[in-house]
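Single-structure report; data block below.
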Amino acid sequence: MRRLFIMLAMLGALIAGRALADCKLAKLADLPVTMVGLRPTVTAKINGEDAQFLADSGAFYSNISPAGAAEYKLTVTPAPFGAGIQGVGGRASVALTDVKTFTLAGIPFPKVQFLVVDFGSGLIGVLGQNVFSIGDVEYDLANGSIKLWHTEDCSHSLLAYWVHSDSDPYSIMEISSTTPREPHTIGSAYINGAKIRVLFDTGASTSVLTLSAAKRAGITPDSPGVAESGVNYGFGQGVSRAWIGSFPSFKIGDEEIRNARLRFGDIQLAQADMLIGADFFLSHRIYVARRQNRLFFTYNGGPVFNLKPPDPTVAPAASDSTAAGNDSTAAAPGASAPAAGEPTQAAEFSRRGNAYAARHDYEHAIADLTRACELAPSEASYFYQRALVRLENRQPDLASADLDRSLELKPSEVPALMARAGLRLNAKDTAGATADLEAAGRFSASEADVRLEIARDYVRAELFARAEIQFDLWVSAHPNDARLVMALSDRCWLGALSGQNLPSALNDCNTVVKRMDKSNSGNWVIIASRGIVRLRMGDNDQAIADFDSTLKQLPKNVWALYGRGVAKQRQGKTAEAQGDTVAATALQSGIADTFKKHGITP
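Per numbering that gives the first Met the number 0, the very first residue in the sequence shown carries number 0; after that it's consecutive.
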């Protein structure tokens, strides 16, 4: 992207900068950012066609997924021998592609090179540090913006230029000097008084501490009050477990959170002990001053770390700081930084509304998105965005009306079609959902990431043959995606439900079992799925072995319990079979009818 650097620098020279005493700031680019959940996305163009990129300050270099390269008909060539990317999911191999015309911030750049690698985001590509390190960078995700700056004579200036007076609070922290080979933003924080290295990574949806750093702070997965929190994945095929625990103190800059709830995971970071993710960026305005080797930031208010414990009935530990739900909130010194100027255009209201939604502030999100819809009543995406917030806010009828309006304006809007299909499935409107899923498939490239979502919805609709087609399309286009094991698990379950292509289903099951983490009890569901596949294939002994293994870990799994009863009945062990089927029916009264509906009988 050297050509991109040069042209952005030329553009910045033409833009009047703001002077801070003798310091001069020249804006190179202002990238509009839309939060999709906790993912900051930027719309660019690949050879004239819109493409959604993840703004990822933790990525060394910008990249496009193999499926995205195929969708945009880009030529892919091998990378130099041994080239690869190391991420939280392990090491991933890469290739190269050149985009004839890449348009960013409205500026067309000819012949821009990207790495080609699977990264599991569901987006076409990633904008990395070869874009964000061309000058200073300001992250203002709460207001939907990432700005690139060129500075002159600013070595001793306060570059948090939005701070209006000395009484307004701000933090300064030292960061490591950067080079083209080491472009990441890395600084220091303190956990329980112990110094740790932190890497500022907008591509990480949530901040996460390494397991080893958590242990040094005295917290392990077995500590009191620790809860499982899903998995981490990114570049590479590996998937690692995550937990949430309470730490007496977390301090970064001049902010300190007492009894902080932090996510930690079994991840390896070569350069740091913690990723500071998009959740932190949303609650702060951040300026990375590369020439000063400093980072300036101010607290916007709201949750600092987004936490979603798997069991919402488990209350978090008491905290000295204000909390929003289960999310920790910083105890910043003094009042929060003043808000930026109010939006005036529909796109600005949309971006700020999505940022509010990412912070679960649905009232303000809906208000901003409503204003966007009023200012641009023919823009389908704003009605779709408001529909998503209304769904989160448990307003399905209003969400449905917004989706209908979005699709009236733009019938090919695939995200809106998928959202409405989900609503229709919830309402048992299989015919309406099927129509939406068929349309989404027609308007999507065969390699598109949405194929996985379409497949899962077809399984919900019990249209198994259609689901298998979609799974096959996705798996063939994403062979190195971190989500592949989840897709294979879903396809294994599809075989268990449908009874079709059982040898292939068994192969999927076995692949997942080989890669599963046996210390995580939730993963044992795949063993039950394999047991159902083997039961359908008539291998009763192996099916019973799988059901036994599952029930040791998950004693109330009704599929394993009733399935074992069916297998034992086939073996003539009537009393044992009856004990299993009666126990399963007591847990789920309709389980016998469910097995019968799917053609699984003694």
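Backbone N, C-alpha and C fix where the C-beta goes; we use that ideal spot for every residue, glycine too.
Check                                                                                                                                                                                        : Outcome
Bridge partners for residue 267 per DSSP, in chain order?                                                                                                                                    : Per DSSP, none; premise fails for residue 267.
In terms of residue numbering, what span does the beta strand (DSSP E) encompassing residue 462 cover?                                                                                       : That residue, residue 462, is in no beta strand (DSSP E); it is neither H nor E in DSSP.
Could you check what DSSP says for residue 97 in three-state terms: helix, strand or coil?                                                                                                   : strand
Give me the Cβ distance between residue 532 and residue 504, rounded to the nearest whole Å; I'm assuming they're in contact under 8 Å.                                                      : 5 Å
Nearest-angstrom Cα distance between residue 568 and residue 525?                                                                                                                            : 23 Å
By the three-class DSSP mapping on this structure, what secondary structure does residue 33 have?                                                                                            : strand
Three Cβ pairs or more, each shorter than 8 Å: is that satisfied between the segment 40 to 55 and the segment 284 to 296?                                                                    : no
Let me know if residue 373 comes out buried or exposed under the rule of 16 or more other beta-carbons within 10 Å of its beta-carbon.                                                       : exposed
Kindly indicate which three-state DSSP category residue 514 falls into: helix, strand or coil?                                                                                               : helix
Quick check: the Cα distance between residue 584 and residue 129, rounded to an integer number of angstroms?                                                                                 : 59 Å
Closest to residue 416 by C-alpha separation, out of 402, 64, 387, 378, would be which residue?                                                                                              : 402
Give every residue of the same chain whose Cβ lies closer than 6 Å to the Cβ of residue 438, excluding the five residues on either side of it in the sequence, and list them in chain order. : 416
Taking 9 Å as the threshold (C-beta atoms), are residue 354 and residue 30 in contact?                                                                                                       : no
Ignoring anything shorter than 4 residues or poking outside the segment 561 to 592, list the alpha helix (DSSP H) runs there in chain order.                                                 : 573 to 586
Could you compute how far the alpha carbon of residue 551 sits from the alpha carbon of residue 600?                                                                                         : 24 Å
Using the Cα positions of residue 163 and residue 299, report the straight-line distance between them to the nearest angstrom.                                                               : 14 Å
If we call anything under 9 Å between Cβ atoms a contact, is residue 477 one with residue 448?                                                                                               : yes
Taking the beta carbon of residue 218 as the centre, do at least 16 other beta carbons fall within 10 Å, making it buried, or is it exposed?                                                 : buried
Using the Cα positions of residue 278 and residue 205, report the straight-line distance between them to the nearest angstrom.                                                               : 5 Å
Between residue 270 and residue 145, which are expected to be in contact by the criterion C-beta below 8 Å, what is the C-beta distance as a whole number of angstroms?                      : About 22 Å; that fails the 8 Å criterion.
Does the separation of the CB atoms of residue 262 and residue 243 fall below 9 Å?                                                                                                           : yes
In angstroms with no decimal places, state the Cα-to-Cα distance between residue 506 and residue 131.                                                                                        : 43 Å
Is residue 474 helix, strand or coil when you go by DSSP?                                                                                                                                    : helix
If you compare alpha carbons, which of 479, 466, 475, 502 is closest to residue 489?                                                                                                         : 466
Would you mind listing the beta strand (DSSP E) stretches within the segment 103 to 173 that are 3+ residues and don't spill past its ends, in chain order?                                  : 106 to 115, 124 to 126, 135 to 139, 144 to 151, 170 to 173
Hey, out of 71, 191, 363, whose CA is closest to residue 341's CA?                                                                                                                           : 363
Determine whether the beta carbon atoms of residue 69 and residue 95 lie at a separation below 9 Å.                                                                                          : no
Using three-state DSSP, classify residue 416 as helix, strand or coil.                                                                                                                       : helix
State yes or no: is the C-beta of residue 65 within less than 9 Å of the C-beta of residue 115?                                                                                              : yes
My output table needs one value for residue 175: the three-state DSSP class, helix, strand or coil.                                                                                          : coil
So, helix, strand or coil for residue 597, using DSSP?                                                                                                                                       : coil
Apart from the five residues just before and just after residue 596, which ones in its own chain have a Cβ nearer than 7 Å to its Cβ?                                                        : none
Which residue marks the beginning of the alpha helix (DSSP H) containing residue 532, and which one marks its end?                                                                           : 524 to 535
With a threshold of 16 other CB atoms inside 10 Å of the CB of residue 170, please say whether the residue is buried or exposed.                                                             : buried
Quick one: Cα of residue 106 to Cα of residue 93, how far?                                                                                                                                   : 27 Å
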